[in-house]
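Chains as they are written, first to last, in this note's numbering: chain S, 1 to 322; chain P, 323 to 644. Step one of this worksheet: look at the structure below.
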């Protein structure tokens, strides 16, 4: 373990890969590893890239990597991909495109499945971000598909979130429904050579004009496949970075991330603890038989664990009788 | 509160609406309410309807409601809608379509926002399902947009999950990426009069042929707007219900739901407890300053809470030195 930690902190790619595997698979040494590298975290610039399937996020990320490398920056990429039991890993094919960077030591790419993660996808993603960060990557890009809560949680961690849209996947109202507007710092309208691109940009602009936030997201038209508009997009990302840094929001974000991590450990801990109690299954069965409610079951468990607190039994329940 | 509970258990619509508001807004009396109605739950048939934005889920749900009502069944509907701070409630416009059932006492419709829910969307949805269930609804339909973890969690609760697809929102590989294949019990290919519908059905069928599960999902072509294919779809849903019931899977599901609820109360409880400790912010700050790691912070809190267990300090960490 010590060799892996030292290796990855010194920029050894194989050590970093091993460390990520330990974290992803919840293998022995995980806690020791995360503890050892934690003081070295908090330096990387985190970019989240999200949007609907088919928007061309992988291609766009690919081009951004190339540009960042030209600027001398080292890059870590976490591609969060839904895994389907039907298709297995096959649909990850478009990841292969990024493998042009495979021989570049300044780029480290890792794909992660969205399902079957012990401790949750968001948690594992944070841990892997810590590893890439501690390994000295200047920029870390997290690419997610979709706009579910898991993805939103992941994107929340990022300093700058790029939402990629594409004409033809539904109009702007559909996009608003998808819930991405509130998380975007920068918009990329990709495949901008397609019909409907200008309309999409206009609709987005109209929606953004209604927003009252301090930061007004910019919209960039790109054709990632042909490397069109990427430099402008990256400039837009940097502009948001300046804003974030100028306002001290990166520190605010780091603190909120740290708080979230603490809470995740508490939640994981309490569940592990509950499951280790010999009569846990009996308790579940009592609820199943409707002898007690789920809340009463939780109260009982807290009592058995010796938790010195009575918040559960003193809610505001008596405050309002109707 | 007693009046609300009695009212809703006796089928009073206004009492039910009040009860839901209490649960949604985490108002005083929530615990008492949920406790009182819990023994009356577990009777409704839960149908989940999900799929990408623009697939026509609301219209399809609307037609299913009409058909269920013709069959004499009472129906509760929970429409889970992303809320955007930009658009506010405006994008909920298509919900209005369902309001043709507004004067029908046998139908109760509630829209819920996906964000800003104390205690999480999935948790609140479960609580509202309990209320509709206890109020005697025969069938409860939960309609969700998107395929994020939150939506998947909600759909997991359902006895039968209908995934609605539509031609023109990307090919089947995109659909597989969206991660819905593994949660579908029944497929509806809606807007089946559009170009590409037959191709989508074929692609779906080809994917399903690769699956090895005990239950093979059927695919139904519908044009919800014109009320085409709805009866067949509902028959397909019932067929899955027979399967679920025959295998006793509804009981298995109820038990797993109950277990999940217990775990949610434990997690909510531990976070509330942690936040109530006077030095919680100091602890967060210590982590922020990198004096301790998030895991060490959690260990410290568990100790302060008096939790009689040492799992956190005895992981498998020493098992593998490298």
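Built from N, CA and C at the ideal position, the CB exists for glycine as well. Computed from a prediction, not measured in an experiment: that's the story for all the values here.
Check	Outcome
Where residue 416 (chain P) sits in the DSSP three-state scheme	Confidence in residue 416 (chain P) is poor, its pLDDT being 43 and thus under 50, which makes the residue's placement too unreliable to answer from.
Where residue 432 (chain P) meets chain S, residues with beta-carbon distance less than 8 angstroms	Within chain S, no residue comes near residue 432 (chain P); the closest Cβ sits about 18 angstroms away, beyond 8 angstroms.
Strand pairing of residue 401 (chain P), partner residues [DSSP]	P:433, P:465
Secondary structure of residue 358 (chain P), DSSP reduced to three states	helix
Beta-carbon proximity of residue 233 (chain S) to residue 60 (chain S), cut-off 9 angstroms	yes
Chain-ordered residues of the stretch 364 to 388 of chain P with a beta carbon less than 9 angstroms from chain S	364, 374, 375, 376
Given residue 143 (chain S) as reference, the closest of S:160, S:206, S:79, S:228 once Cα atoms are compared	S:79
Partners in chain S for residue 580 (chain P), counting only beta-carbon separations shorter than 8 angstroms	284, 287, 288, 294
Pair within 9 angstroms by beta-carbon distance, residue 4 (chain S) and residue 33 (chain S)	yes
is_contact[residue 200 (chain S), chain P] using C-beta, thresh 9 angstroms	no
Cβ of residue 196 (chain S) within 9 angstroms of any chain P Cβ	no
Residue 325 (chain S) versus S:282, S:166, S:159, S:300, residue with shortest Cα-Cα distance	Residue 325 (chain S) lies beyond the stretch modelled for chain S, which goes from 1 to 322, so this question has no answer here.
Residue 240 (chain S) classed as buried or exposed, judged by whether at least 16 other C-beta atoms fall within 10 angstroms	buried
Length of the line joining the Cα atoms of residue 512 (chain P) and residue 223 (chain S)	31 angstroms
Sequence-distant residues of the same chain with beta carbon closer than 6 angstroms to residue 8 (chain S), five excluded per side	15, 16, 19, 135
Range of the contiguous beta strand (DSSP E) that encloses residue 189 (chain S)	186 to 189
Residues bridged to residue 483 (chain P) (per DSSP)	P:370
Backbone secondary structure at residue 256 (chain S) - three-state DSSP	helix
9 angstroms Cβ cutoff, residue 216 (chain S) in contact with chain P	no
Close Cβ partners of residue 395 (chain P) (< 6 angstroms) along its chain, the five nearest in sequence each way excluded	460, 461
Backbone CA spacing between residue 271 (chain S) and residue 350 (chain P) [nearest angstrom]	26 angstroms
Given 8 angstroms, three or more beta-carbon pairs between the stretch 45 to 61 of chain S and the stretch 260 to 278 of chain S	no
Contact set between residue 361 (chain P) and chain S, taken where Cβ atoms lie within less than 8 angstroms	290
Residue-chain proximity (residue 254 (chain S), chain P), Cβ-Cβ < 9 angstroms	yes
Residue(s) in a DSSP beta bridge with residue 545 (chain P)	P:550
Outcome for residue 567 (chain P) when other beta-carbon atoms lying within 10 angstroms are tallied against a minimum of 16	exposed
Between the CA atoms of residue 292 (chain S) and residue 48 (chain S) - distance to the nearest angstrom	44 angstroms
With 16 other Cβ atoms within 10 Å as the buried cut-off, status of residue 543 (chain P)	buried
Burial state of residue 1 (chain S) (16 or more Cβ within 10 Å)	buried
C-beta contact flag for residue 301 (chain S) and residue 357 (chain P) at 9 angstroms	no
Environment of residue 343 (chain P) [buried if 16+ CB atoms lie within 10 Å]	exposed
Residue-chain proximity (residue 233 (chain S), chain A), Cβ-Cβ < 9 angstroms	Annotation note: the requested chain A is absent from the structure, which comprises protein chains S and P.
C-alpha gap between residue 132 (chain S) and residue 209 (chain S), whole angstroms	37 angstroms
Exposure of residue 216 (chain S), with buried meaning 16 or more beta-carbon neighbours within 10 Å	exposed
Sub-9 angstroms separation of residue 541 (chain P) and residue 520 (chain P) beta-carbons	no
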